[in-house]
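When we follow our numbering, the leftmost residue of the sequence shown carries the number 669, and every step to the right adds one.
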Amino acid sequence: MNETERYAEARTAVAEARSVVAFTGAGISAESGVPTYRSAGGLWRNYQAEDLATVGAFQRDPETVWGWYSERRSMMGSCEPNAGHLALAALEERLGDEFVLVTQNIDALHHRAGSRRVMEIHGNAFRTVCSVCDYEVEGLQYDTPKSTICPSCGAWLRPDVVWFGEPLDQALLNRAFAAAAACDLFLSIGSSLLVQPAASLPEVALSSGARIIEVNMEPTWLTPEASWSFQGPAGEVLPALVG
Ligand code: BJW
């Protein structure tokens, strides 16, 4: 089967799907200018994750960790959603309640593209919460909060993201796994599928009989299992599948 036929077949699968889960990782935001974590130019090529993205790092040196997130907030806040984000928002528009977007991304670009049924399972860098009590700063903040100290209990505030070794929000994760188990088409987009428990979502969809479309720049463990795998930029492949 040639490339044109493969695209046509996958486009039909999208058009005929009853219920779709789109699962996204850093790759979908790469064309917006947000660095990925593990591919060339990725964050973890320049920083040690354990120096910045763990509770231990934050407890040792909260100011350095805040500095890093402040830079990233302003960088991510200046990026715009790309054609890949917009294609998923258009798919949601078409499918309504039968569409769920599960993202590992903390950059809020899906929201800014118009997606509403979004589960941010690794949090959102623009939200700020207390590291000790349940205080939350209202709304999304695109720069450093005026004070990084909790007005309620005096502990450090922190970005509302999930660091290594921290549990994900269990209720949210259960909903994501339930959606993956119930869908008939699962799109895995721009993720290396190396970080657990998120990386188990495609496995659950597969074992429940869903068809899988993978869009990524390089092969992952899912590639041989996928019904269709497209190696290319999400901002080009997704509009071709959804439009
Ligand atoms: C393109 C593209 C283009 C480029 N178009 N594609 C089982 C086994 C081993 C370890 C574990 C395990 N279970 C848990 C662990 C530990 C750990 C883990 O998974 N470690 C592995 C790395 C080994 N997991 C955790 O610690 C998690 N917590 C947990 O399990 O808690 C358990 C617990 C229970 C009860 C009590 C206490 C604890 C938490 C994980 C949190 C992840 N956090 C981060 C940081 C967020 C904050 C921040 O950014 O500062 O989330 S890590 C980072 O990785 C980020 C991402 O969401 C996540 C996934 O990365 P992603 O999106 O896949 O990006 P990349 O860069 O890896 O891949 C991008 C891909 O895109 C590439 O393939 C490119 O080719 C492609 N691409 N351009 C399409 N244009």
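Glycine included, C-beta positions come from ideal geometry on N, C-alpha and C.
Between the stretch 743 to 760 and the stretch 775 to 792 there are three or more inter-stretch CB-CB distances shorter than 8 Å, so the stretches are counted as touching.
The nearest non-hydrogen atom of the ligand BJW is less than 7 Å from the C-beta of residue 790. With a threshold of 16 other beta carbon atoms within 10 Å, residue 831 meets it and is buried. Scanning 871, 786, 906, 910 for the CA closest to the CA of residue 892 turns up 871. Per the DSSP secondary-structure output, residue 796 pairs in a beta bridge with 827.
Going by beta carbons, residue 691 and residue 857 fall inside the 8 Å limit. Using a C-beta cut-off of 8 Å, the stretch 678 to 692 makes contact with the stretch 749 to 767, since at least three inter-stretch Cβ pairs fall below that distance. Within the same chain, and ignoring the five residues on either side of residue 789 in sequence, the residues whose Cβ sits closer than 8 Å to its Cβ are 770, 771, 772, 830, 836, 837, 840, 841, 844, 866. Of the residues assessed, residue 819 falls on the exposed side of the cut-off, its CB having fewer than 16 other CB atoms within 10 angstroms.
Non-local C-beta neighbours of residue 810 in its own chain, meaning closer than 8 Å and more than five positions away in sequence, comprise 741, 742, 745, 794, ordered along the chain. In chain order, 694, 711, 712 place their CB closer than 6 Å to the CB of residue 705, counting only its own chain and leaving out the 5 sequence neighbours on each side. Not one heavy atom of the ligand BJW lies closer than 7 Å to the C-beta of residue 675. For residue 787, the uninterrupted beta strand (DSSP E) segment begins and ends at 786 to 788. Residue 827 holds the alpha-carbon nearest to the alpha-carbon of residue 723 among 911, 827, 859, 861.
Taken in chain order, the complete beta strand (DSSP E) segments of 3 residues or longer contained in the stretch 744 to 779 are 767 to 771.
With respect to the C-alpha of residue 894, the residue from 874, 901, 779 having the closest C-alpha is 874.
The Cβ neighbour count for residue 714, taken over all protein chains shown within 10 Å, is under 16; the residue is labelled exposed. Secondary structure at residue 679: helix, using DSSP grouped into helix, strand and coil. Residue burial annotation: residue 884 is buried, with at least 16 other C-beta atoms found within 10 angstroms of its C-beta.
For residue 730, the CB stays at least 7 Å from every heavy atom of the ligand BJW.
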